[in-house]
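Presented below is the structure to which this report refers.
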């Protein structure tokens, strides 16, 4: 049935084309003087046998060379089915061949209908019931003969619709052929593929997936590019944004990079597929046929998937190229308009969206815009009328008229196009000449006004010189009289001012010194309060505060005072940056240090065993603190042998002085500690020493501030 339909379709198409071909042959013989074409005898036989010879040679070479076969299958849709039929590789290839013949019948039918409409056939073919969209397209072609001459020729460079059905037909053929393969086979251990083939197969799948993803990304970027071009061009009608064209150029570069990246990934995938094919060919003899066929089917499936993605990307790429040409032409037209406006009206910047023109330039601009608008409307209407006329002439020429009419219409089109360009250039020259004439007229008026102004300025200058001579003579006489009286009065006032100035300077110096002494006293009090006690209710660990601000205040208050400068240099840097613990914090910390030092009284500095630690803790528990830890002789500052004191005596005396607020005496006794107790108290000793140094500097500064203040009382 398929063959009968195919033959009947070709017969109908050929019958429709015979009158058209005969008319063209007769026209050729009449127009050129050559005899009409005649049918050949032996040539017809050669033409008929040549396709069969070519198909046989291609099939034989494809059986011999797997690489050539792969290339043929990937580039020629339906070649895989034909090769299987000719080489008898697949028993189910007859079904696939019938489907391929049906698709070929549809292609020939579409092509024949297009050719018939192109040459002006009076009959339309019945639609082939394949797809709903094709039915609608065929129904729409049932129009009079005048409209049948305009259908577009079939696009040869778009094999996408034929590639996808081929893949689907292969899948259907495999599904039909599946039941014979499901026959029970004896249980045998399947032969495993070599590891390199398995890894190569995984690599092929990975590269193919990457290539397909890159193709999909490129398609997405290309579609987004088309939408961006449309959006930017539509927005450019209402506002002038020069950055939009720069962004379009950047998007064009990103689009090209995505396409190049997809092509690179696809090339890598194809190289991996070729490597796998070569590896399959090397192991084909030692591997079961079904395993090899499975690998080859997978390779063909991946190749078809790659080709489908590639075709989708190229369709989007062609659309993107059209969009790129579209916006570049628009940009060129806008740039031409901007250059023309700026050449006619210097100083006008269209980027500001404002026309700051004078009255004369504004009139010239309105005339320019109005003339261009009328000219463009006239040319547009003219082009529309002439386009319709030329289209009719071209259609008549294609239906059988002489080619001279089509050539004449083309010449008239290019002639009108050249006339239009000359009219635009002449109009631009006329506007330029008018602008130059207006400019020359303004310059002439300007020169006349300048000459009149020069004459007036000379007369005014002469009169002004006479008046100045009279005025200067009278002025000099009065000035000499007033200057003498002023000098006498000024001498008396100068003596009084010198006395007042001396008294004010002395008073200002005294006030400044008093103010400086007060500021120094306040700053010293702040420093003393910072080192004396911290914020109540705060743990001693949080009472550490840097003294840099207090030291800076003292330095500013006594700027230029040498004593203050020397004392501030003696303040430890650690106290400025890190800060010092106040007395109440050290007193609170001493309680913990004293407790730990008592518990480690028997432990040496380098440590000891656990029994020594236990003994030291027990001894610290049972030793009682005396009510009067310091003797009368020590209080009277009599000579005493401090080497006789043990750790408990030293800690008792230090605690005695701590309770009475004498950190200096407590520090002296704590320095006598030895062993682990000394290590425990080492940090407390450093902090106490730092506090005492800072307090000493604060006391010195307070004394100096008090002395400075008393000297001005």
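Numbering (the UniProt record's numbering), first residue to last: 1 to 713.
C-beta atoms are modelled at their ideal positions from N, C-alpha and C, and glycine is treated no differently.
Only a predicted model underlies this, so the values are computations on that prediction, with no experimental measurement involved.
Report task. Select from 615, 607, 643 and 583 the residue whose C-alpha is nearest the C-alpha of residue 685. Result -> The residue you call residue 685 lines up with position 685 of the chain shown. Ranking 615, 607, 643 and 583 by Cα distance to residue 685 puts 583 first.
Query raised in the report: Since residue 606 is in the alpha helix (DSSP H), which residue starts that stretch and which ends it?
Result: Within the chain shown, the letter at position 606 stands for residue 606. First-last for residue 606: undefined, no H or E at that position.
Query raised in the report: To which residues does DSSP link residue 296 through a beta bridge?
Result: Against the chain shown, residue 296 aligns to sequence position 296. In DSSP, residue 296 forms no bridge with anything.
**Report entry** Rounded C-alpha distance that separates residue 702 from residue 521
**Finding:** For the purposes of this step, residue 702 is identified with residue 702 of the chain shown, where counting begins at 1. For the purposes of this step, residue 521 is identified with residue 521 of the chain shown, where counting begins at 1. Using only the alpha carbons, I get a separation of about 6 Å.
Query - 8 Å Cβ cutoff met for residue 368 and residue 344 - result: Counting from 1 along the chain shown, the entry for residue 368 is found at position 368. Counting from 1 along the chain shown, the entry for residue 344 is found at position 344. Yes; because the gap between Cβ atoms is below 8 Å, this pair is in contact.
**Report entry** Top-ranked residue by Cα proximity to residue 375, from 412, 561 and 425
**Finding:** Translated into the one-based positions of the chain shown, residue 375 becomes position 375. Checked all of 412, 561 and 425; the closest Cα to residue 375 is 425.
Query raised in the report: Does the separation of the CB atoms of residue 390 and residue 413 fall below 8 Å?
Result: Locating residue 390 in the chain shown gives position 390, where the first residue counts as 1. Locating residue 413 in the chain shown gives position 413, where the first residue counts as 1. Yes, Cβ-Cβ distance for residue 390 and residue 413 is below 8 Å.
Query raised in the report: Thinking C-alpha only, which one of 265, 348, 199 and 258 is nearest residue 209?
Result: Position 209 of the chain shown holds residue 209. The residue with the shortest Cα to Cα distance from residue 209 is 265.
Query raised in the report: Are the stretch 550-558 and the stretch 655-669 touching, with three or more C-beta to C-beta distances below 8 Å?
Result: no
Query raised in the report: Per DSSP, residue 580 forms a beta bridge with which residues?
Result: By 1-based counting over the chain shown, the position of residue 580 is 580. DSSP output for residue 580 lists 545 as bridge partner(s).
Query raised in the report: Does the count of Cβ pairs from the stretch 568-584 and the stretch 602-618 closer than 8 Å reach three?
Result: no
Requested in this report: In the DSSP assignment, find the unbroken alpha helix (DSSP H) run with residue 654 in it and report its ends.
Outcome: As a working mapping, residue 654 is identified with position 654 in the chain shown. Here the alpha helix (DSSP H) through residue 654 covers 647-659.
Query raised in the report: The alpha helix (DSSP H) with residue 644 in it runs from where to where?
Result: The residue given as residue 644 occupies position 644 in the chain shown. Run containing residue 644: none; DSSP gives neither H nor E here.
Query raised in the report: CA-CA distance, residue 696 and residue 527?
Result: Your numbering for residue 696 matches position 696 in the chain shown. Your numbering for residue 527 matches position 527 in the chain shown. Going by the C-alpha atoms only, they are around 11 Å apart.
Query raised in the report: Which class does residue 714 belong to by DSSP, given the choice of helix, strand or coil?
Result: In the structure as shown, the chain starts at 1 and stops at 713, and residue 714 therefore has no counterpart that could be examined.
Query raised in the report: Rounded to whole angstroms, how far is the Cβ of residue 550 from the Cβ of residue 523, which I believe are closer than 8 Å?
Result: As a position in the chain shown, residue 550 is number 550, starting the count at 1. As a position in the chain shown, residue 523 is number 523, starting the count at 1. Right, their Cβ atoms sit about 7 Å apart.
Query raised in the report: Using DSSP with H/G/I as helix, E/B as strand and the rest coil, what is residue 690?
Result: Within the chain shown, residue 690 is the residue found at index 690, counting from 1. Helix at residue 690.
**Report entry** Environment of residue 470 [buried if 16+ CB atoms lie within 10 Å]
**Finding:** Along the chain shown, read from residue 1 onward, the residue named residue 470 stands at position 470. That one is exposed.
Query raised in the report: How many Å lie between residue 647 and residue 690 at the Cα?
Result: For this step, residue 647 is matched to residue 647 along the chain shown. For this step, residue 690 is matched to residue 690 along the chain shown. So the two alpha carbons sit approximately 24 Å from each other.
Query raised in the report: So what's residue 190 in DSSP terms, helix, strand or just coil?
Result: Here residue 190 refers to the residue found at position 190 of the chain shown. Note on residue 190: pLDDT 37, under 50, position unreliable in the model; the coordinate value appears next. Reduced to three states, the DSSP call for residue 190 is coil.
Query raised in the report: Residues in its own chain within less than 8 Å of residue 626 by CB, not counting five upstream and five downstream?
Result: For the purposes of this step, residue 626 is taken as residue 626 along the chain shown, with counting starting at 1. Only 652 meet the Cβ criterion.
Query - Between the CA atoms of residue 234 and residue 203 - distance to the nearest angstrom - result: Within the chain shown, numbered from 1, the residue matching residue 203 stands at position 203. Within the chain shown, numbered from 1, the residue matching residue 234 stands at position 234. Cα-Cα distance, rounded: 46 Å.
Query - Exposure of residue 601, with buried meaning 16 or more beta-carbon neighbours within 10 Å - result: Within the chain shown, numbered from 1, the residue matching residue 601 stands at position 601. Buried, since its Cβ has 16 or more Cβ neighbours within 10 Å.
**Report entry** Where the alpha helix (DSSP H) containing residue 562 begins and where it ends
**Finding:** The sequence position of residue 562 within the chain shown is 562, counting from 1. Residues 562-570.
Report task. Between the Cα of residue 683 and those of 635, 593 and 567, spot the shortest distance and give me the residue it belongs to. Result -> Counting from 1 along the chain shown, the entry for residue 683 is found at position 683. Among 635, 593 and 567, the Cα nearest to that of residue 683 is on 593.
Query - Sequence-distant residues of the same chain with beta carbon closer than 6 Å to residue 559, five excluded per side - result: As a first step, residue 559 is located in the chain shown; it is residue number 559 there, counting from the start. Result list for residue 559: empty, nothing under 6 Å.
Requested in this report: Alpha carbon to alpha carbon, how far is residue 673 from residue 622? Give it in angstroms, no decimals.
Outcome: Within the chain shown, the letter at position 622 stands for residue 622. Within the chain shown, the letter at position 673 stands for residue 673. One C-alpha to the other measures close to 20 Å.
**Report entry** The alpha helix (DSSP H) enclosing residue 668, as first and last residue numbers
**Finding:** Taking the chain shown and counting its residues from 1, the one referred to as residue 668 is at position 668. It spans 663-670 - the alpha helix (DSSP H) in which residue 668 sits, taken as one unbroken run.
Query raised in the report: Does the beta-carbon distance from residue 214 to residue 261 come in below 8 Å?
Result: Locating residue 214 in the chain shown gives position 214, counting from the first residue. Locating residue 261 in the chain shown gives position 261, counting from the first residue. Yes; because the gap between Cβ atoms is below 8 Å, this pair is in contact.
Report task. May I ask you to report which of helix, strand or coil DSSP gives residue 358? Result -> Residue numbering aside, residue 358 sits at position 358 when the chain shown is read from its first letter. Correct three-state label for residue 358: coil.
Query raised in the report: Should residue 616 be labelled buried (16 or more other beta-carbon atoms within 10 Å of its own) or exposed?
Result: Locating residue 616 in the chain shown gives position 616, counting from the first residue. By the 10 Å Cβ count, residue 616 comes out buried.
Query raised in the report: DSSP state of residue 477, grouped into three classes?
Result: Taking the first residue of the chain shown as 1, we reach residue 477 at position 477. The answer is helix: DSSP assigns residue 477 an H, G or I state.
Query raised in the report: For residue 643, is the classification buried or exposed, using 16 other Cβ atoms within 10 angstroms of its Cβ as the cut-off for buried?
Result: Taking the chain shown and counting its residues from 1, the one referred to as residue 643 is at position 643. Result: exposed.
Requested in this report: Measure the alpha-carbon distance for residue 417 versus residue 334 and round it to whole angstroms.
Outcome: Position 417 of the chain shown, counted from the start, is the residue given in the question as residue 417. Position 334 of the chain shown, counted from the start, is the residue given in the question as residue 334. Approximately 20 Å, taken between the alpha carbons.
Query raised in the report: Which word fits residue 317, buried or exposed, when buried means at least 16 other C-beta atoms lie within 10 angstroms of its C-beta?
Result: Here residue 317 refers to the residue found at position 317 of the chain shown. Buried.
Report task. With DSSP as the reference, label residue 636 as helix, strand or coil. Result -> Position 636 of the chain shown holds residue 636. Residue state, collapsed to three classes: coil.
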